[in-house]
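Chains as they are written, first to last, in my numbering: chain S, 1 to 270; chain F, 1001 to 1270.
Number of protein chains: 2
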Amino acid sequence: MEFTRKLREATARNNSLLCIGLDPDPERLPAGLTIAQFNREVIEATNDLVCAYKPNLAFYEAAGLEGVKSLEHTLSLIPPNIPVIGDAKRGDIGNTARMYARSLFDVFGFDAVTLSPYLGLDSIEPFMVYSTKGLFLLCRTSNPGARDFQDLEVEGHPLYEHVALKALEWNAHGNLGLVVGATHVRELARIRHLCPDMPLLIPGVGTQGGDLPEVVKSGTDRAGGNAIINSSRAILFASAGPDFAEAARRVAMITRDSINRYREAPHRSE
Amino acid sequence: MEFTRKLREATARNNSLLCIGLDPDPERLPAGLTIAQFNREVIEATNDLVCAYKPNLAFYEAAGLEGVKSLEHTLSLIPPNIPVIGDAKRGDIGNTARMYARSLFDVFGFDAVTLSPYLGLDSIEPFMVYSTKGLFLLCRTSNPGARDFQDLEVEGHPLYEHVALKALEWNAHGNLGLVVGATHVRELARIRHLCPDMPLLIPGVGTQGGDLPEVVKSGTDRAGGNAIINSSRAILFASAGPDFAEAARRVAMITRDSINRYREAPHRSE
């Protein structure tokens, strides 16, 4: 099924804009559990609370071949009606980008992926032709280093705004979105203003400290949707003990419900 | 052994600035050969002609688990005194970048990698602490889309120059280099001017059409070195027949020797 539709249906069914980042940091996994066992419990405990899951490939690749197998296994554990975003941040020249698209869409079968914009249009095009898939271009990221290049001023506007405008221009298949960190709500609001109808993938709530009410207010569209709000560590590692899955469910539910409360707040009716 | 020293020794031993990109495009592999069999023959035919090999991970990931195994197998076939650059173009926030560094350096054991700069310093730092490894930041790439963002003017200079200057500033361990495409020699010359002592990884000669004499003149340092000039398809697929390895050797030798001729041209003594 098309990513956009799958996302819309999961969002409605679970009444949720919450995405859980499946980033199994090996230093924080409960003792004795494999990556796939850990993910299985988290997925079973939370799949009625999320609009999407987002595994970041780095956490799997760090474990070598076994890690790649764990990722494939994890993908098989996610209910097919919940979209999965492969957080890969790939970006390479045209003929190579085709290979990454094949890996992410044909081999792993992700419904959507994240991509780096630095190499420009021909690094994105081989992904765009998969018109049923979603593509989220890094725009303004949540980390301190985002300032180094993304905030540089080009013709009176920060570089990330140029990325947002290019995404609008390139969006012939209607399958582009943007990654915008939750840690800088002013930037988030500005990007939402520039791209009123584009899906935004918003990491950085939870451990990274994004201000949830402001993020929901600034990141959602006029109907209070079209935003995928991601939390990874705060949910996965809510407890370091054997009750990690219950704790993950508890924090996921609180996060989902808080997001919904702010979606419904009076300012939405203005 | 440290990347810089390994590179210097291979460059001297093989009298070569040529790097071969081991990018086994599945559509172009000779019939009946696996990726590793193909790479084995290319490596056996060319390892006295190169200063480095550079596998691009996309071509392996596109073949799934088997592809990742092929990459590990390929790495075991490269003589240990020839440095291997993992062309990964990764770039992610700090705690995730640590995982990519672990994958590329500890799991695969690359001597050097390519990285995307878009996320800034904290996406590079987890790699920099591997002080014996080489890191090549994407600066001005060889593809048409490089224009979209890399050439945007920031304070009177294109974005890629800011990347080059940041690399100079960040280079506390002396292990940073830059990726600069061969297809735009003016930009290459400008970056060499800004970074007279930094190693440059220069893809884009061969199929992509970079002008070799100009590339060697503009990309090498005052001593005619410190440049890694990469060719992939023009060498790997020099022949589509069973003589592909001989053909690869022939083109590799011509390319290496041409580079050396231009290194020694009179303009170097100015």
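Note that CB positions come from ideal geometry on N, CA and C, so glycine has one too.
At least one beta carbon of chain S lies nearer than 9 Å to the beta carbon of Val-1068(F).
Taking the CA atoms as reference points, Thr-255(S) sits about 21 Å from Gly-241(S). In the DSSP assignment, Gly-177(S) is bridged to Phe-136(S).
Assignment of beta-bridge partners to Asn-1230(F) by DSSP yields Cys-1019(F) and Pro-1203(F). With contact defined as three or more Cβ pairs closer than 8 Å, the region 1129-1139 of chain F and the region 104-112 of chain S are not in contact. Taking one beta carbon from each stretch, the region 123-132 of chain S and the region 210-221 of chain S have fewer than 3 pairs nearer than 8 Å; the two do not touch. For Leu-65(S), the chain F residues whose C-beta falls within less than 9 Å of its own C-beta are Leu-1065, Val-1068, Lys-1069, Glu-1072 and Val-1107, listed in chain order.
Around Thr-1011(F), the same chain offers Cys-1051 as residues with beta carbons nearer than 6 Å, after the five sequence neighbours per side are excluded.
Separation of Val-205(S) and Leu-18(S) (C-alpha to C-alpha, rounded to the nearest whole angstrom) is 10 Å. Close partners of Phe-1237(F) in chain S (Cβ separation under 8 Å) are lacking, with about 12 Å as the shortest Cβ gap. Residues of the region 1092-1117 of chain F with a Cβ closer than 7 Å to any Cβ of chain S, in chain order: Asp-1092, Ile-1093, Gly-1094, Thr-1096, Met-1099, Tyr-1100, Arg-1102, Ser-1103, Val-1107, Ser-1116 and Pro-1117. Asn-1143, Pro-1144, Gly-1145, Ala-1146, Arg-1147, Asp-1148, Phe-1149, Gln-1150, Leu-1152, Glu-1153, Val-1154, Glu-1155, Leu-1159, His-1162 and Val-1163: these are the residues of the region 1143-1164 of chain F whose beta carbon lies less than 8 Å from some beta carbon of chain S, given in chain order. Close to chain S, meaning a Cβ-Cβ distance shorter than 9 Å, are the following residues of the region 1027-1061 of chain F: Asn-1056, Leu-1057, Ala-1058, Phe-1059, Tyr-1060 and Glu-1061. Under the three-state reduction of DSSP output, Glu-1155(F) falls in the coil class, being neither helix nor strand. Identification of chain S residues near Ser-1123(F) by a Cβ-Cβ cut-off of 8 Å yields Asn-143 and Gly-145, ordered along the chain. With a cutoff of 9 Å on beta-carbon distance, Ile-229(S) and Ala-167(S) are scored as not near each other.
Between Ile-1082(F) and Asn-1015(F), the alpha-carbon positions lie close to 13 Å from each other.
The beta carbon of Arg-1190(F) sits no closer than 9 Å to any beta carbon of chain S.
The beta carbon of Asp-1025(F) falls within 9 Å of a beta carbon belonging to chain S, placing the residue at that interface.
Contact between Ala-101(S) and Tyr-130(S) holds, since their C-beta atoms are separated by about 6 Å, short of 8 Å. Val-1129(F) carries a coil assignment under DSSP once its states are collapsed to helix, strand and coil. Bounds of the beta strand (DSSP E) holding Ala-88(S) are 85-90.
Within the same chain, Ala-238 and Ser-239 come within 7 Å of Ala-247(S) by CB-CB distance, once the 5 residues on both sides are set aside. Interface flag for Leu-1138(F) against chain S is set, since a Cβ pair is found closer than 9 Å. Contact check for Gly-94(S) against Asn-1143(F) passes: the beta carbons are separated by less than 9 Å. Nearest to Pro-1055(F) by C-alpha distance, out of Ala-1045(F), Ser-1070(F), Asp-1148(F) and Tyr-1118(F), is Ser-1070(F).
In the structure shown, Thr-1096(F) adopts helical secondary structure according to DSSP, grouped into three states.
A distance below 7 Å between beta-carbons, with the five flanking residues on each side excluded, links Thr-132(S) to the following residues of its chain, in chain order: Glu-2 and Phe-3. For Gln-37(S), the closest alpha carbon among the candidates Arg-28(S), His-73(S) and Ala-58(S) is that of His-73(S). Straight across, the Cα-Cα distance linking His-193(S) with Tyr-1118(F) is about 23 Å. Rounded to whole angstroms, the separation of the alpha carbons of Ala-1062(F) and Asp-1087(F) is 14 Å.
In the DSSP annotation of this structure, the continuous segment of the beta strand (DSSP E) that includes Thr-114(S) starts and ends at 112-115.
Judged by DSSP in its simplified three-state form, Asn-1047(F) adopts coil rather than helix or strand. The distance from the Cβ of Ile-85(S) to that of Leu-201(S) is about 7 Å, consistent with a contact at the 8 Å cut-off. Residue-level contact check: Leu-77(S) does not touch chain F, since none of the beta carbons of chain F fall below 9 Å from its beta carbon.
Under the three-state reduction of DSSP output, Ala-52(S) falls in the strand class.
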